[in-house]
Each structure stands twice: as structure tokens, then as C-alpha cells.
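Participant:
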Amino acid sequence: MEKLKARISLIEMMSLVLLSWGIFVMSYLIRAFSGAKYWVVTGSIFPYIYILLLLGFLGKRGLRISKEFAVSLVFVLALFTGKAFLFAGSPDVNFLNIVAGTYSSVIVSWFYPTWAREYVSKFLPSWLVPQVESAVLAYYQGGANPDWSVFAAPIISWTLVLISVIFVTWPMIFLILGPHWFEIERLQFPMSVPAIYITNEVFPSEEENNWLSIIDFKRARVKAFWAAFTIGLILNLPFILSQVLPEVPLGGIIGGGYGTYPVSLYQYVRDWLPSSHMDGQLVLYLALLYALLPLDLSISIAITGMFFGLVYRPLVVRMGIVSGVDPGQVWPIPHLEFRVGAYIGLGLIALWVTRERWIKAFKSLKKDFDVDGFSMKIGLLLMLAGTILLVGIFTVAGGNLGMMLIWFIIFTIINIGCAYIWANSIWLGGDCHGYMSWRLGHYIGSSINVWSAAAPQENSALAIYGLACGTMGTCAGAYQSNSFIAQPLVSIAYGYAKATGSDMRKVLIYTLITCVTLVPFALVVNTYVNCHVGILNTSESSMDVYYWGVMSMTFDTGVRRLTYATGRLPFGEYWGATIISAAIVIVVYWLRSIFPWFFLHPVGIAIGFAGSGGWNHWLNMVIGISTRILLNKTLGPKRTMDYLVPILSGLAVGLGSLYLIVGLFVASTISIPNLLMLWK
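See the structure below:
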């Protein structure tokens, strides 16, 4: 019997929209005016465990709120806290960075960078970048109401750009890639494991009316969860105290916050292991995560990462093959430059294994069918509309249609590969690929004479190509893995919803509508606030406008000059490294599919190429893998997983549980006073 579609509640949907607006305003104001605390409080200050416990308490009292509303609300909170939120309930890069790094950085370009005005006036239309001095000056320095006649067109244009990304990514993950990863490959979506565990323990199962099982202390797993939660809370308490009571001497027990402690061993081995990465970080929840991941994945990360970080780099330096540069960025093995190729390889693998789903999706234009209750035809039309809109806007702005299609294909395949990494592991790869992706397209464009390989040059197609790479692909870009509207983090939202038994159609509709309505609201609020206070005076400017410097990338990567974005390898050699690394990942996948004994994991290889996921976490790998092997031998695989999940969940969420205190402290003592002082 076909399962009935869950009813879409207009009240729940409108509540989510209004909550997203309210949380955005709160998060934006707290962070933008937080001064030096900009990376301590990144927005939403409510760890999700409190929200879920509240909803469970209300449900137990008879006020039933749907699980789909709860899952969507946790995602809304995550929008303004970042990629670590579903895991630990604590801060990181998020939607606020997208607004600032994409929209704000472009809006101020009439004044910053100081040399950009000449190029903006030549190459960029005013409906993308405002060019009326008085209006932009107000946004930059504050002191006036917004001139909506100037800002209306850019707001509409960037709203359409961001919405087009949403139209591409959400249906792609929810209707095609996500179902394959969850149902066929049985991936864990580890970043959402704590949220999955807590949600399933708060909401009742279909068989029983057992709300709030998470406080049933008769169960051993619940005891394990709360014991780990308490440990996490205690371990992070010194860091929290250091933020609200800096005068209290706490010394080295603070660490980096949220269970992160620096490890500095390189000073002891530099003479005989030059350029090795013995320094790193002990991250408690990552150590447990390595125990939770499949052993073949953890071991593959460890083998690759530790080989490059601890063996290859010292070897080529001592042999005199490499000197004076980072050994990972030059031949014989430019493994840091291998990253994008590895992401492309994984993306191609993901597309290949889901090829039948893609073919069936295109056939839905003639004969529709549902995926988890949602129309595949509507999903495909949304993806096509998003693609046409995104490519079309940049093309109409002055880009070359062929190159913008190539740009979209490169970015999309990389993001799919990154989503595959995140669905398998955690945020250990795939971020901030805009500069690296730019190199691939620049070489293609110069090879087919769309632009020259040399700089300077007056070429609108190259300027727009740089604009697309910069606004979409820097660490604050809207179409790379740190973005909460790109494929990697959407995959985590999918895994969370699916593993909690939520109605996927309902979650998809709720989150789609929430994101689509949030974008124009956020840009309007951003414009209104900055015209009164001046983005120059906010914390937002120091990182997302100046540091990411979208316009610096746009014109300084071929039009005005060639900068560090070009990398250490010549463009042709960079393409060679990209092809080699993509081939390595694909061959590893092929060998794995042919020979049952072949244990290397392509995702582990891709993660191990880069320091962020490889050697920097070597200590966590050693602890996690050793723990998993030991527990498997003593408890058995099933009991090991039965206890690892609540312990990991409790520790991770416990570490983030006091984030609320820091948020309230920063809001009341720094952000609100700064806002009142600056408002004109």
C-alpha cells in the first residue's frame, strides 16, 4: 500500500519562514557588531539540543509538533551557525558569510579595493554592482537611508543568483544523489549523527508514544550519552569562561575551544624531518569520529595523509628535490594541488553510479514519478531553471556563454565530489575551491581565445568569469562547500532528515521555501543596516569584504594582473595534476569495485591529499582507529556502534552546549552597544 503524503501545514511553513527572518536579524546583528568576537559568535546562539528538548517536552504534554518542523527548524538554526552546528551545536562558517562575502563584497567595490572602480565601470553592469557614489558611500560609511532606486536592481539580481543555486542543489541531493548514498551505499552522514541520535531519542517511534526517551536513565545508552555530554561540557567550560571572564587565569587548559587542543612536535624533529607536519590538533570529537567511520575509510585517510605529511615531504626536502617552496605544491607530487582533481574524480564517480537515476529523471518530463513523495518532474525543472538562471545572469552581465557553462560544470562536479566526501566523513575537504577552480577555466578560456593568458587585458568575459568564481567559490562563496545552500551541506541536511524517518517531501518543501524567502529578506536587511552604520565600521568588513576580497579576485586574476590565485604550477601543469589526481581516485574506486580485498577508499585518498583532513589530524586518526579496533575485539562490532554513537553525540553536543552563554554575553556587552553607538 502506497504511503500517504504528509500534510503540508501552512502554519508550520509560515512559522519557519518568520523564524528564519527573526533568527537572521538576531544572528546578523550579533555577529556584525561583535568586534574581536567575530569568530567566537558566528550567529545563532541556540544549540539545537535545547530546541529539541523543548519540542519533546511540549509533545509529552500533548502539544504535538511534527518531526519535519523540528528537523527543518534545526536546519534554520544551522543556517546561521554553520557547518559544525548539526554536529556540535557550535559555530563556524555559515549563511551570514555568504551574504557578506558575496553580496556585501560586491556592493562596496565602488570604494574598495580602491583601484576597482575603474574596472567596475568598464566591465560590470549597475544592476549587479551599484555605481552611484552617494548610495554606495552610505553603504560603505553609513549615515543615511538606503537609496532603494540604486540598490533594488542589485538586490534582485543577487537574489536570483542565490535562489538559482538553491534550485540546483536541493532537488539534486534530495531526489537523486541523496537517495543513492543513503539507500544503496548506506552512508552514515557522520556530520549529522549527533542531531540524528538526539532527534530520534526525543520524538516518539511509530510504535510507541515514547516522547523524550533521551531522559530515560534506565537505558544504558542514555546514561552513556549524558555522561559524555557532561564530560564535553566540563572540558569546554574553561574556554567559555575565558570568553566571558578574560581576567580569570586559566592557562593552557583552554585549548582552542570545543575540544580542540594544539599539538606542537615539529620543533623536536625539524632537523631530521624537515617540512614534516608533526604539528597538528587533538580534536576530541574527531578522534571519536575516526572510531565511528568505517575502518577502510579511516585507514585510507591515515595512510594517505601521514605518507604525504610525515614521509614524502621530509624525503624530497632532504634529497634536495624541493627547496624554498611548499613540497605539496610542486612536482614530483604536488599533492596539495591534487585536491581539486580528487574532488572532480569523486564527483564523476557519484554521477556515474547514479547515471540510471539521472536518465530516469530526464524521462520524468514525459512520465512523472515521485521520489519520497516529491515530483521528480518538478525537481528536474527546478534544477534546469536554476542552471539557466545562474549561467544566464552571468552571461547577460558580459560573460561568454560557453565559458560560463564550463564554469558551472566545473563548480557543480567539484561540489558533488565534496558532498560525497561530507556524506562519508566530515568537513575535511572541499572548501574554498574558487581560486583553484578559476585556474582550470582560465586555461580553457585562453586556449580557445576567449581571453589571453597574459595580463593586463580589457576583457569583460574574463572579468565576469572571475566574478562568478569569486562570489561563488571563495571561502565565503555561495556555491562551494562551506555554503549552506551548496550540495555538501545540503547532503548533511538530507542525511539528517532521512535517518530520523522524516517525511522527505515535507522537509524538502519546508526548507526550499524557507531558503527562497530568506534570501531577499537577508539582502534587504543587510543593505538597510549597513547604510545606517557603514559596513566599514562592522566586524563583517574585516573578514568577508576585505580578506575574501571578491573584487580583488575578479580583476586580479587575469584582467588587472595575475596574483597568488594562479598557484605555483603553470596552468597547463595544473591541469595535468588535476587529471592525475582525478584518475587516481577513479582507479582506486574501480579497484575497490573489482577486488573485495582492496581496502583503500577513494574518499580517504581525496581527504588525505590535503593537510586539513590528512596530516593535521594524525593524532586523532591514531586514537580513533586504535579505539575502534580495540572495541571491536572486546565488545564486538554491533555493541561498539551501539555505544559509540551516543558517546560521540553526547561529547560533541556537550562541547557546544555552553555556546548560548557566550552568545548572550557578546550580544549584551558588545554587539548591542556597538549597534546603538554606530546607528545614524
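For the sequence shown, position 485 (counting from the first letter as 1) is numbered 485 according to my numbering, and the numbering increases by one without interruption. The beta carbon of each residue, even a glycine, is placed where N, CA and C say it ideally should be.
(1) Name the residue from G232, I605, W575 and Y510 whose alpha carbon lies nearest to the alpha carbon of I421.
(2) Between L96, M472, S539 and P602, which has its C-alpha nearest F521's C-alpha?
(3) Taking a contact to mean a Cβ-Cβ separation below 8 Å, would you say S502 touches N415 in this structure?
(4) List the whole-angstrom C-beta distance separating A70 from L55, where the pair is believed to meet the contact cut-off of C-beta under 8 Å.
(5) Excluding five sequence neighbours on each side, which residues of the same chain lie with their C-beta closer than 7 Å to the C-beta of A497?
(6) Use the C-beta contact count for R64: other C-beta atoms within 10 angstroms, 16 or more gives buried, fewer gives exposed.
(7) Can you tell which of I155, A135, W39 and I11 has its C-alpha closest to the C-alpha of V525?
(8) Could you please give the first and the last residue of the uninterrupted beta strand (DSSP E) stretch that includes V283?
(9) How is S375 classed by DSSP in three states: helix, strand or coil?
(10) At the 8 Å Cβ level, is A583 part of the contact set with chain C, yes or no?
(11) Does the separation of the CB atoms of L655 and Y285 fall below 8 Å?
(12) Between the Cα of H601 and the Cα atoms of G305, P113 and G257, which residue gives the shortest distance?
(13) Assuming the contact rule is C-beta atoms closer than 8 Å, V330 and V322 should be a hit. Round their C-beta distance to whole Å, please.
(14) For the beta strand (DSSP E) containing P262, list its first residue and its last residue.
(15) Would the stretch 155-171 and the stretch 387-396 be scored as touching if the rule is three or more Cβ pairs under 8 Å?
(16) Quick one: is E681 buried, meaning 16 or more other Cβ sit within 10 Å of its Cβ, or exposed?
(17) In the DSSP assignment, find the unbroken alpha helix (DSSP H) run with N616 in it and report its ends.
(18) Go through its chain and collect everything with a Cβ distance to K377's Cβ below 7 Å, but skip five positions before and after it.
(19) What is the rounded straight-line gap between the Cα of V662 and the Cα of S27?
(20) Could you have a look at D273 and say whether DSSP puts it in helix, strand or coil?
(21) Which residues does DSSP pair with G257 in a beta bridge?
(22) Can you find at least 3 beta carbon pairs, one from the stretch 400-417 and one from the stretch 450-469, that sit closer than 8 Å?
(23) Taking its Cβ as the centre, do 16 or more other Cβ atoms sit within 10 Å of Y744, making it buried, or is it exposed?
(24) Could you check if S149 belongs to the surroundings of the ligand SAM, using beta carbon to heavy atom distance under 7 Å?
(25) What is the DSSP secondary structure of T517, counted as helix, strand or coil?
(26) Leaving out the 5 sequence neighbours to the left and right, which residues in its chain are closer than 6 Å to A667 when beta-carbon positions are compared?
(27) For D326 versus L336, is the C-beta distance shorter than 8 Å?
(28) Taking the alpha carbon of F687 as the point to measure from, which residue in A228, G257, G232 and A224 has its own alpha carbon closest?
(29) DSSP three-state label for D370, please.
(30) Who are the Cβ neighbours of P274 in its own chain at under 7 Å, not counting the five residues just before and after it?
(31) May I have the straight-line CA-CA distance separating I299 from I625, to the nearest angstrom?
(32) Would you call the stretch 452-459 and the stretch 141-157 touching, i.e. three or more CB-CB distances under 8 Å?
(33) With DSSP as the reference, label L562 as helix, strand or coil.
(34) Taking only runs that begin and end inside the stretch 449-511, name each unbroken alpha helix (DSSP H) of 4 or more residues, in chain order.
(35) Which one or two residues does DSSP pair with T557 in a beta bridge?
(36) Could you compute how far the alpha carbon of V283 sits from the alpha carbon of W451?
Facilitator: Reading off the structure:
(1) I605
(2) L96
(3) no
(4) 5 Å
(5) V71, M504 and V507
(6) exposed
(7) I155
(8) G280 to V283
(9) strand
(10) This model lacks chain C altogether; it includes just one protein chain.
(11) yes
(12) G305
(13) 6 Å
(14) T260 to V263
(15) yes
(16) An answer regarding residue 681 cannot be provided, because it is not within the stretch 1 to 680 covered by the chain.
(17) Careful: N616 lies outside any alpha helix (DSSP H) and carries neither H nor E.
(18) S364, L365 and D368
(19) 13 Å
(20) At residue 273 the sequence reads Leu, which differs from the Asp that was named. Residue state, collapsed to three classes: coil.
(21) T260
(22) yes
(23) With the chain running from 1 to 680 in the structure shown, residue 744 is simply not present.
(24) Here there are no bound small molecules, and the ligand SAM is not part of this structure.
(25) helix
(26) I30
(27) yes
(28) Past the boundaries of the shown model lies residue 687; the chain is included only from 1 to 680, so the question cannot be answered.
(29) strand
(30) P314, V317 and R318
(31) 7 Å
(32) no
(33) strand
(34) 460-473 and 487-499
(35) L562
(36) 46 Å
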